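Novice: Residue numbers (our numbering): 3 to 79. Even for Gly, the Cβ is constructed at its ideal location relative to N, Cα and C. Please read all numbers here as calculations on a predicted model, not as lab measurements.
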Amino acid sequence: GAFQSPADADNLKASLALLGIEANIHTTEVADKGVFHRVRIGPLAGMDDVERTRAVLIQNNIPAVLVKEPHPSQEMP
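Laid out in structure tokens, this is it:
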């Protein structure tokens, strides 16, 4: 999730923790839109973990988008 309110981001992070899912909040500024607080899960070890986590989110009516980021060792300098 992405929220303009840090309290909303904290609430989602807490809800995820109650489900056994560890999340982090990343704060970023979006051009012409202001500051957003993004709640992110991961990195996850593999697709089995992704599918298990996604199933828990779906069961709890929490929408999610899969974001694939390059592994730190694969990033370009």
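Count the other CB atoms, across all protein chains shown, that sit within 10 Å of the CB of Val28; report buried if there are 16 or more and exposed otherwise.
Specialist: Note that residue 28 is His in the sequence shown, not Val. So His28 ends up on the exposed side.
Novice: When the Cα atoms are used, what is the spatial distance from Gln6 to Ala57?
Specialist: So the alpha carbons of these two residues sit roughly 27 angstroms apart.
Novice: Which same chain residues, not among the five before or five after Ala11, have their C-beta less than 6 angstroms away from its C-beta?
Specialist: So the list reads Phe5, Ile27, His39 and Val41, once near-sequence residues are dropped.
Novice: Count the other C-beta atoms from every protein chain shown that fall within 10 angstroms of the C-beta of Thr55, then say buried if there are 16 or more, exposed otherwise.
Specialist: Per the 10 Å Cβ criterion, buried.
Novice: To the nearest angstrom, how far is the alpha carbon of Pro8 from that of Leu14?
Specialist: Cα-Cα distance, rounded: 10 angstroms.
Novice: What are the boundary residues of the alpha helix (DSSP H) that includes Ala57?
Specialist: Where Ala57 is concerned, the enclosing alpha helix (DSSP H) stretches over Met49 to Gln61.
Novice: Hey, Val52 and Leu59: beta-carbon distance below 8 angstroms or not?
Specialist: It is not a contact, given that the beta carbons lie outside the stated cut-off.
Novice: Considering Ala66, what are the terminal residues of the alpha helix (DSSP H) in which it resides?
Specialist: Counting along the chain, Ala66 falls outside any alpha helix (DSSP H), and DSSP gives it neither H nor E.
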